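Down below is the structure, laid out as structure tokens.
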Amino acid sequence: MNALLKRCYSTIPEAAAAARTASTPRAVRLRRSRKPPVTAGESDALPSGLTPSEFVRFQRALAKGELLRPDGTEPTEGEWLAKLNSRRSRLRGTREVVTPSGVKETQVVGEKVYLPNIIFRLVPNFTPPGKPYNPYEATFRIPQSVTKTDVRAYLAAVYGVRTTYIRTDNYVAPVRRAWNTAWVRGKSYRTYKRAVVGLLEPFYYPMTLEDMPKEDREAREQFLEQEYHVTMRKDMVKGQLLQMTKKNSPGWVWRGDLTTRRGTILKKIAEQRALREQFIQVTKERMQERRDQ
């Protein structure tokens, strides 16, 4: 039974295998670029399920004789992959002990580690235009001090989610000039670490407007408008931008989108041009009157 479960675990869906290939680190992609390319949406895994890196590792261990069994046989690629995946997904920090009454219990090894005071922010996956959403990956924004092992242990201990791979990359807030010409770091929330986690079971980001029917989407947008006033916030941002860029005239007020429409802008230009032409005409008539005198 255990061998069957391990074999089922080692066989991942095609979408998950393609996602694993797409999120491969840059150094690995450069090394594999010397070989025939893999088209988008496909996996570079072999028929046995091994990736090129795992296959090279298996061949190296096989040549060194590290996989030789006591009976003289050697494991197949599928058996080696099942053992590798079972070790990757093992529950760390526990062991089974037998009590004096003969009952097996799970005991925590070492000291207990309580939940950290950090935030795992779940965000939608990056989906290129025209491509379907990949449910076999989940994207998190985590503090920069959190490692891949911490992410794997946190998801397994708190939510019972088993992961296949984890890719991380750091995002640093851009440096800009302050009012006193000094270089300062940007907003702190723009400095974070992104973790892309491979999943065994599909998971869709909840309450995504793009995936909702028309009725549900309209109801969701109405709820967001009532609770968070999205339109009012956008108008306030536009008003602040115009106040910082337009002339400080005492009679100017924000009139919504009317001041930013193309027709309104052309109308204002025509009015200013007419006033300029009228001023030129009046000045010309006055100059002619003075010459006649």
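For my numbering, count along the sequence shown from 1 and bump the result up by 975. From the three backbone atoms N, C-alpha and C, an ideal C-beta is built for every residue, glycine too. From a predicted model like this one, the values you see are computed outputs, not experimental measurements.
- Inter-residue distance for ILE1255 and MET1262 is about 11 Å (C-alpha atoms, whole angstroms).
- Beta-bridge analysis with DSSP links ASP1144 to ARG1169.
- CA-CA distance, ARG1237 to ALA1245, rounds to 12 Å.
- Under the three-state reduction of DSSP, ILE1094 is assigned to coil, being neither helix nor strand.
- In its chain, beyond the 5 residues on either side, GLY1173 have a beta carbon closer than 6 Å to the beta carbon of THR1139.
- Bridge partners of LEU1174 according to DSSP: THR1138.
- Between the alpha carbons of PRO1075 and PHE1030 lies a distance of about 46 Å.
- Under the three-state reduction of DSSP output, GLU1017 falls in the coil class, being neither helix nor strand.
- For PHE1198, the enclosing alpha helix (DSSP H) starts and ends at 1189-1203.
- Contact check for VAL1098 and THR1122: beta-carbon distance about 19 Å, past the 8 Å limit, so the pair fails to qualify.
- Using a C-beta cut-off of 8 Å, the stretch 1198-1214 makes no contact with the stretch 1142-1159, since fewer than three inter-stretch Cβ pairs fall below that distance.
- With fewer than 16 other beta carbons inside 10 angstroms of its own, PHE1198 counts as exposed.
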